[in-house]
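Since the structure comes first, as structure tokens, the remarks are kept for the end.
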Amino acid sequence: MSDPATTTQHGAEANPVRDLPLHDLEGFTHRWADADGMRLHAVEGGQPTGPAVVLLAGFPQTWQAWRKVMSSLADRFRVIAIDLPGQGHSERPERSYDTHTVAAHVHAAVQALGVSSYWLAAHDIGAWVAFSLALNYESQLRGVALLDAGIPGITLPESIPTDPARAWKTWHFAFHLVPDLPETLLTGRERDYVGWFLKTKALSPDAFDDADLDHYAAALAADGGLRASLAYYRDAAESARKNHQALSRQHLTVPILGISSSHGSIPDMAASISPWADNTAGVVVPDAGHFIPDEQPEAVAAAIADFIADGG
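See the structure below:
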């Protein structure tokens, strides 16, 4: 039964992105949470009385990036994957995509789903949000796992390398910052763009099939999804400013797990975060590129489960 804060199942009246097909995951339910006046989409399942694990995906994906990990965690944990604002079936506001503003909405959504304290695991832009969320709501977090992400103002480089051997990993940061041009060039070609990221940044080009490309391209094309996705990059300077402001007052004391991969973007996530966090540990997942939850879901699920079992 739904409560006043959420609508369960497919709730057409709650879904703000009705033109985008919903994909079900066995044992999980679609919900929309009222996150301080914004509707965020969540996919929830697993053990209702188990420790809560919240999952956030990055660009150019949706909650479905975690679907294989979710199934592996469901026998021990209450698992909640949330589409960020502008992502998947969550509402797409016109502005305010800095990670502190987004983190407040995500945390409000988790609370609306009846979760008071939780573990958080996040990849790529989702990890940007998770880092800022930890700075603001640390007392309600039990631990945070960050997967292969340069955090604005923390570990994200100030300049883009021009060496072709490295530039292919980061060139898009500058491109996404240009006003209007990405929208002009990418509208109607979302599948080509998504396909480049998923096929090039994964260690194996077979990690994603045509259905994956179709889903993520449709999510980017639907109802302002492209604009919203680019907004995270365009607001990255504000995210960095707010991160610095928060870190001038505090260090993170919540346990942090850095999950890197053998062929990812950040060789050692734990080391990159350790100057700002008092309790860090790291693991490197072999045989994976940037999209670690898709490429090695069992290893990621095991790392998260071990992190929780060890109490962070």
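In this note's numbering, the protein residues as written are 1239 to 1550.
Positions of the beta carbon are idealized from the N, C-alpha and C atoms, including for glycine.
{"query": "Buried or exposed for E1376, please, with buried defined as at least 16 other CB atoms from any protein chain shown within 10 angstroms of its CB.", "result": "exposed"}
{"query": "For S1370, count neighbouring Cβ atoms within 10 angstroms of its own Cβ and tell me buried if that reaches 16, exposed if not.", "result": "buried"}
{"query": "Report the residue from G1381, A1474 and I1530 whose alpha carbon sits nearest the alpha carbon of I1546.", "result": "G1381"}
{"query": "Quick check: the region 1453-1462 against the region 1336-1350, are at least 3 beta-carbon pairs closer than 8 Å?", "result": "no"}
{"query": "Which residues in the same chain as P1535 place their Cβ atom closer than 7 Å to its Cβ, once the five residues preceding and following it in sequence are excluded?", "result": "K1306, V1307 and S1310"}
{"query": "Runs of 4 residues minimum, wholly inside the region 1325-1368: which ones carry the alpha helix (DSSP H) assignment?", "result": "1337-1350"}
{"query": "Could you tell me the alpha carbon to alpha carbon distance between V1523 and I1542, rounded to whole angstroms?", "result": "12 Å"}
{"query": "Between which two residues does the beta strand (DSSP E) harbouring E1533 extend?", "result": "Segment I1530 to E1533 is the alpha helix (DSSP H) holding E1533; no beta strand (DSSP E) there."}
{"query": "First and last residue of the alpha helix (DSSP H) that includes W1270?", "result": "Element bounds for W1270: not the alpha helix (DSSP H) but the beta strand (DSSP E), F1266 to A1273."}
{"query": "Between the C-alpha atoms of R1256 and D1401, what's the straight-line distance to the nearest angstrom?", "result": "43 Å"}
{"query": "Counting only runs that start and end within the region 1369-1425, where is the beta strand (DSSP E) found for 3 or more residues in a row?", "result": "1379-1385"}
{"query": "Cα separation between D1262 and A1319?", "result": "13 Å"}
{"query": "Please state the DSSP three-state secondary structure of V1492.", "result": "coil"}
{"query": "When you compare each of H1279, P1531, V1353 and H1338 to P1286 by their alpha carbons, which one comes out closest?", "result": "V1353"}
{"query": "Grouping DSSP H, G and I as helix and E and B as strand, with all else coil, what is I1504?", "result": "coil"}
{"query": "With H, G and I counted as helix, E and B as strand and the rest as coil, what does DSSP make of T1438?", "result": "helix"}
{"query": "Roughly how many angstroms separate the alpha carbons of H1482 and S1512, rounded to a whole number?", "result": "15 Å"}
{"query": "Could you spell out where the beta strand (DSSP E) holding H1279 opens and where it closes?", "result": "M1276 to G1284"}
{"query": "Measuring alpha carbon to alpha carbon, tell me which residue in A1515, S1498, F1413 and D1313 is nearest G1527.", "result": "S1498"}
{"query": "What is the rounded straight-line gap between the Cα of G1265 and the Cα of A1290?", "result": "16 Å"}
{"query": "Provide the residue(s) that pair with G1520 in DSSP beta bridges, ordered along the chain.", "result": "G1496"}
{"query": "Does A1319 come out as helix, strand or coil in the three-state DSSP assignment?", "result": "strand"}
{"query": "Just the Cα atoms here: how many angstroms apart are A1350 and R1269?", "result": "11 Å"}
{"query": "Who are the Cβ neighbours of P1443 in its own chain at under 6 Å, not counting the five residues just before and after it?", "result": "K1437"}
{"query": "Would you mind reading off the limits of the alpha helix (DSSP H) that contains L1260?", "result": "From DSSP, L1260 is part of no alpha helix (DSSP H); its letter is neither H nor E."}
{"query": "Please determine, among L1358, A1365, L1423 and A1405, the residue with the shortest C-alpha to C-alpha distance to T1393.", "result": "A1365"}
{"query": "Helix, strand or coil, according to DSSP, for A1539 in the structure here?", "result": "helix"}
{"query": "Alpha carbons only, please: which of S1355, P1531, Y1356 and G1502 is nearest the one belonging to L1441?", "result": "G1502"}
{"query": "CA-CA distance, S1500 and A1360?", "result": "18 Å"}
{"query": "Going by DSSP, what residues sit across from V1292 in a beta bridge?", "result": "I1318 and L1358"}
{"query": "Would you tell me roughly how many angstroms separate the C-alpha atoms of D1548 and Y1470, rounded to the nearest one?", "result": "33 Å"}
{"query": "Terminal residues of the continuous alpha helix (DSSP H) containing Q1483?", "result": "A1474 to L1485"}
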